[in-house]
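**Student:** Structure below; questions to follow.
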Amino acid sequence: MTTIIPKVNTGIQQLDEMLFGGLYQGSATLLEGAAGTGKTNLGVQFLMEGMQKGESALIVTFEEYPEQYYSCALELGWDLKAMEEKGLLELIFTTPENFMQMVDEDDQTLSQIIEEKDIKRALIDSVTHFEKLAPDQGNLRHIETNVVNFFKREEITTLLLKENKSILGGWNVSNNKVSFIVDCYIILRYLELESEIKRAIMVLKMRGSNHQKEIRQYEITDKGIVVGEIFKGISGIFLGTGRPSEKK
Ligand SMILES: Nc1ncnc2c1ncn2[C@@H]1O[C@H](COP(=O)(O)OP(=O)(O)OP(=O)(O)O)[C@@H](O)[C@H]1O
Ligand SMILES: [Mg+2]
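Below, the structure written as structure tokens:
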């Protein structure tokens, strides 16, 4: 008998619509974007959605001290400290080296935390840091596969953040192998349009499900990320230089 895997809400209603109902429970999603596009905010919003329903969450960060993480989240109204005090949040601030040991099958530390806290959602901020551990692309893919498989084994719905170096202009695809390993791939982009920098979100792939192919605008507000209208009649968004499509 085949069982239908349920979908979980992302915490952003319009993104759930783009994903035809949300992310598959227990799946791994890559969220890629340039610095400041809102990757961490979107990730925290996704965890808050679960924690508000009583589902525990895990943050693994290699770059920001917990206090800094908490204060950025509080800017958008998310009290992570309170969630931690309620026992709903586990934040691990570590090095990529240590983390790789934690996901090793012989090391049960992380599995035990996951079991004790009954963790359902995780945020890895960011997988870009694994590049330091890998001498070449083959090695990097091996590391990323280990991480993705660890969370899939644990049946945790996971968001893996990845930095993209291109702020505007052509998308940097040189080291994008992790997109093949994950189930879902979402991109955040800056877009220069009519002398303004806009933000664009798109779902590039979703295994086992249809999804909207449109590119939508989004904004970061003091209540979090809000996804808005489809960019209509604009082409070149992927190149970072949107311009009205030529009428035929
Ligand atoms: N209260 C706020 N209201 C509106 N926008 C905000 C607010 N707080 C932060 N932002 C926006 O959020 C952006 C940072 O978002 P976030 O930290 O999620 O980005 P990121 O993609 O994780 O960046 P990095 O690659 O540096 O980690 C800021 O550049 C700013 O534009
Ligand atoms: Mg960030």
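If you're matching positions, the sequence shown starts at 2 in our numbering and goes up one per residue. Here a beta-carbon is modelled for each residue, glycine too, at the ideal position from N, C-alpha and C.
Among Lys82, Glu164 and Asn10, which residue has its Cα nearest to the Cα of Glu64?
**Tutor:** Here residue 64 refers to the residue found at position 63 when the sequence shown is read from its first residue. Per the Cα distances, Glu164.
**Student:** Please report the residue range of the alpha helix (DSSP H) in which Gly51 lies.
**Tutor:** Working through the sequence shown from its first residue, we reach residue 51 at position 50. Segment Lys40 to Met52, the alpha helix (DSSP H) holding Gly51.
**Student:** Got a sec, what are the start and stop residues for the alpha helix (DSSP H) Ala29 sits in?
**Tutor:** The residue you call residue 29 lines up with position 28 of the sequence shown. Taken as a continuous stretch (DSSP letters only), Ala29 belongs to no alpha helix (DSSP H), being part of the beta strand (DSSP E) at Ala29 to Gly34.
**Student:** Please tell me whether, using a cut-off of 7 angstroms, the distance from the CB of Asn42 to the nearest non-hydrogen atom of ligand 1 is below it.
**Tutor:** As a working mapping, residue 42 is identified with position 41 in the sequence shown. Answer for Asn42: yes, Cβ within range of ligand 1.
**Student:** Would Asn42 be called buried (16 or more neighbouring beta carbons within 10 Å of its own) or exposed?
**Tutor:** Residue numbering aside, residue 42 sits at position 41 when the sequence shown is read from its first letter. Result: buried.
**Student:** Which same chain residues end up closer than 7 angstroms to Val104 when comparing Cβ atoms and leaving out the 5 residues on each side of it in sequence?
**Tutor:** The residue labelled residue 104 in the question sits at position 103 within the sequence shown. Same-chain partners within the cutoff: Leu111, Asn147, Val148 and Phe151.
**Student:** So, with DSSP's three-state summary, where would you put Asp80?
**Tutor:** To locate residue 80, count along the sequence shown from 1; it is residue 79. Looking at Asp80 - three-state DSSP - the assignment turns out to be coil, as it is neither helix nor strand.
**Student:** Can you name the residues that DSSP bridges to Arg142?
**Tutor:** Within the sequence shown, the letter at position 141 stands for residue 142. Answer is none; Arg142 lacks a bridge partner.
**Student:** Who are Asp126's beta bridge partners in DSSP?
**Tutor:** For the purposes of this step, residue 126 is identified with residue 125 of the sequence shown, where counting begins at 1. According to DSSP, which records beta bridges pairwise, Asp126 is partnered with Thr62.
**Student:** Any heavy atom of ligand 2 closer than 7 angstroms to the CB of Asp126?
**Tutor:** The residue you call residue 126 lines up with position 125 of the sequence shown. Indeed, a heavy atom of ligand 2 lies less than 7 angstroms from the Cβ.
**Student:** Could you tell me whether the stretch 130-142 touches the stretch 73-91, where touching means 3 or more Cβ pairs closer than 8 angstroms?
**Tutor:** Cβ pair count under 8 angstroms is below three, so no.
**Student:** What is the DSSP secondary structure of Val148, counted as helix, strand or coil?
**Tutor:** Here residue 148 corresponds to residue number 147 of the sequence shown, with the count starting at 1. It is helical.
**Student:** Sort out for me which residues DSSP pairs Pro7 with in a bridge.
**Tutor:** For the purposes of this step, residue 7 is identified with residue 6 of the sequence shown, where counting begins at 1. For Pro7, which the question treats as bridged, DSSP gives no partner whatsoever.
**Student:** Might you give, ordered along the chain, the residues of its own chain that have their beta carbon closer than 7 angstroms to the beta carbon of Ile226, omitting 5 neighbours on each side?
**Tutor:** Numbered from its first residue, the sequence shown carries residue 226 at position 225. Here the set comprises Ile13, Gly39, Asn42, Leu43, Gln46 and Tyr219.
**Student:** Take Pro245 and list the residues in its own chain whose beta-carbon comes closer than 7 angstroms to its own, dropping the five residues that flank it on each side.
**Tutor:** Reading the sequence shown from its first residue, position 244 is the one you call residue 245. Result list for Pro245: Gly234 and Ile235, in chain order.
**Student:** May I ask you to report which of helix, strand or coil DSSP gives Val183?
**Tutor:** Translated into the one-based positions of the sequence shown, residue 183 becomes position 182. Of the three classes helix, strand and coil, the one that applies to Val183 here is coil, per DSSP.
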